[in-house]
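Down below is the structure, laid out as structure tokens.
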Amino acid sequence: MITIDFLTVFNQILILFLLLLVGFTIKKLKVVNDHFSNSLSSFIIYVSLPALIINSMDSDFNQEQLSKVLNIFLTGLGVYLLMILISYLVVYFIPATTEEKGVYQFSLIFANVSFVGYPVVNLLFGKEGIFLVTISNLWYKVFVWTLGIIIIGSNAKRNKKLSWDKLLNPGMFSVIIGLILFILPIKLPYSITTTLAMLGSTSTPLSMIVVGCILSEVKVSNIFSNWRLWTITLVRLVITPLIVLSVLKVVPNINLIVFNISVILAGMPAAANTAIFAQKFGGDAVLGSEAIFLTTLASLVTIPLLVYTLGNL
Numbered sequence: 001m002i003t004i005d006f007l008t009v010f011n012q013i014l015i016l017f018l019l020l021l022v023g024f025t026i027k028k029l030k031v032v033n034d035h036f037s038n039s040l041s042s043f044i045i046y047v048s049l050p051a052l053i054i055n056s057m058d059s060d061f062n063q064e065q066l067s068k069v070l071n072i073f074l075t076g077l078g079v080y081l082l083m084i085l086i087s088y089l090v091v092y093f094i095p096a097t098t099e100e101k102g103v104y105q106f107s108l109i110f111a112n113v114s115f116v117g118y119p120v121v122n123l124l125f126g127k128e129g130i131f132l133v134t135i136s137n138l139w140y141k142v143f144v145w146t147l148g149i150i151i152i153g154s155n156a157k158r159n160k161k162l163s164w165d166k167l168l169n170p171g172m173f174s175v176i177i178g179l180i181l182f183i184l185p186i187k188l189p190y191s192i193t194t195t196l197a198m199l200g201s202t203s204t205p206l207s208m209i210v211v212g213c214i215l216s217e218v219k220v221s222n223i224f225s226n227w228r229l230w231t232i233t234l235v236r237l238v239i240t241p242l243i244v245l246s247v248l249k250v251v252p253n254i255n256l257i258v259f260n261i262s263v264i265l266a267g268m269p270a271a272a273n274t275a276i277f278a279q280k281f282g283g284d285a286v287l288g289s290e291a292i293f294l295t296t297l298a299s300l301v302t303i304p305l306l307v308y309t310l311g312n313l
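Sequential numbering of the sequence shown, starting at 1, is according to full-length UniProt numbering.
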């Protein structure tokens with residue numbers, strides 16, 4: 001059971017929103033140029049997030065930790081398969097073009113774990129939470145570079161020969177290094193762990209600033225009148241985590257922190273790379289940006305409510 005009350009969670013999410021607002025404002029006021037968010041994203045992906053992951057996995061190996069790793073790994077797979085099923089059912093009933101349906105489905109399957117999930121879990125569960133999210137997020141990397149490319153692209157630009165080398169990225173390498181440190185009796189020097197901790201601590205504020213910069217590019221005039229986007233937002237932020245919660249409640253012997261983290265991750269907004277993948281593979285990039293905007297905005301309310309619900313089960 002999560003013992004953090006609603007007001008505490010709301011205040012923590014409000015901090016994330018204010019950081020997002022900083023990014024939104026500096027981009028709107030042209031304090032930073034168009035290359036700023038791309039450069040900052042690269043720093044997060046190549047430096048600060050790997051540092052956060054490695055630091056979180058630099059802990060003593062024991063039977064309890066191993067049990068949690070296996071628990072979150074299998075649970076993560078189950079949750080992704082469930083979200084894939086939900087996405088196919090939802091888009092089947094939504095009248096839209098192939099490109100639009102691809103964006104809707106991508107938004108329902110892939111959540112913003114890197115830029116929102118990690119910060120939220122870090123605030124709630126600290127280092128152990130980051131460790132478990134990292135293990136669960138391995139499935140994201142597998143599915144986004146396979147199924148993700150297939151569903152979001154137009155027929156003309158879908159990459160039929162999926163590039164498995166895409167799976168070898170900074171996040172995956174940091175996981176491998178972290179697992180080596182976790183399993184083997186290797187203790188990093190204090191100077192290195194402190195450096196990793198300091199670099200990792202920049203991940204949360206910088207991530208939210210990047211999201212704010214991305215959202216500043218979205219034209220909001222037509223978003224709120226698009227009932228399809230509202231449907232996707234409702235399913236993404238409310239229905240999906242509640243279904244995951246209901247299913248995991250009947251799973252025997254599931255670890256409590258694994259249960260809580262799995263449900264919380266299922267309620268994250270649409271992945272920040274929804275628009276990027278749509279642009280690259282011939283989908284509707286504008287709609288992807290709109291999905292990111294609306295789900296992220298709505299999550300400021302739904303995430304505290306979700307955590308509050310978990311805390312009162």
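Backbone N, C-alpha and C define an ideal beta-carbon position, used for all residues, glycine too. Computed from a predicted model, the values in this text were never measured in an experiment.
Between Y140 and I130, the C-beta gap is not smaller than 8 angstroms, which leaves the two residues out of contact. Taking the Cα of L40 as reference, the smallest distance to any Cα among I214, P269, A285 and N11 is reached at I214. According to DSSP, residue pairing for A111 in a beta bridge involves A270. Distance from the CA of S67 to the CA of N255, rounded to the nearest whole angstrom, comes to 9 angstroms. In this structure, L199 and A51 form a Cβ contact; the two beta carbons are roughly 4 angstroms apart against a cut-off of 8 angstroms. Linking I45 to V116 through their CA atoms gives a straight-line distance of about 14 angstroms.
Excluding five sequence positions before and after V218, the CB atoms of its chain that fall closer than 7 angstroms to its own CB belong to S289, E290 and F293, given in chain order. In this structure L82 touches V244 by the C-beta definition: roughly 6 angstroms separates them, less than 8 angstroms. G76 and V69 have their C-alpha atoms roughly 10 angstroms apart.
By the Cβ rule, the segment 294-304 does not count as touching the segment 171-184, because fewer than three pairs are nearer than 8 angstroms. For P205, the uninterrupted alpha helix (DSSP H) run begins and ends at S203 to L215, by DSSP. N112 sits close to A271, with the two beta carbons spaced by under 8 angstroms. Closest in C-alpha terms to F143, from the list S246, W230 and G78, comes G78.
Annotated three-state conformation of W230 is helix, per DSSP. In this structure, G23 places its C-beta atom within 8 angstroms of the C-beta atom of V211. Around V103, the same chain offers I152, T274, A278, G283, D284, L287, G288 and A291 as residues with beta carbons nearer than 7 angstroms, after the five sequence neighbours per side are excluded. Burial of D58 is indicated by the presence of at least 16 other C-beta atoms within 10 angstroms of its C-beta.
Taken in chain order, the whole alpha helix (DSSP H) runs of length 4 or more contained in the segment 15-44 are 36-43.
Straight-line measurement puts the Cα of K30 at about 37 angstroms from the Cα of P241. Per DSSP, the unbroken alpha helix (DSSP H) holding Y88 starts and ends at Q63 to Y92. The Cβ atoms of I135 and F36 lie no closer than 8 angstroms to each other.
With 16 or more neighbouring CB atoms inside 10 Å of its own CB, N260 falls in the buried class. Just so you know, the alpha carbons of L7 and L14 end up roughly 10 angstroms apart. If you look at F131, you'll find it in the alpha helix (DSSP H) that goes Y118 to S136. The criterion of a C-beta distance shorter than 8 angstroms is not satisfied by V120 and I239. Apart from the 5 residues on each side of it in sequence, S48 sits with its Cβ closer than 7 angstroms to the Cβ of L199, G200, T202, S203 and L206 in its chain, given in chain order. Nearest in C-alpha terms to F106, of all of I209, Q12, I84 and N11, is I84. The DSSP-derived three-state label of V220 is coil.
Under a 10 Å Cβ-count criterion, L196 is classified as buried, with 16 or more other Cβ atoms of the shown protein chains found around its own Cβ.
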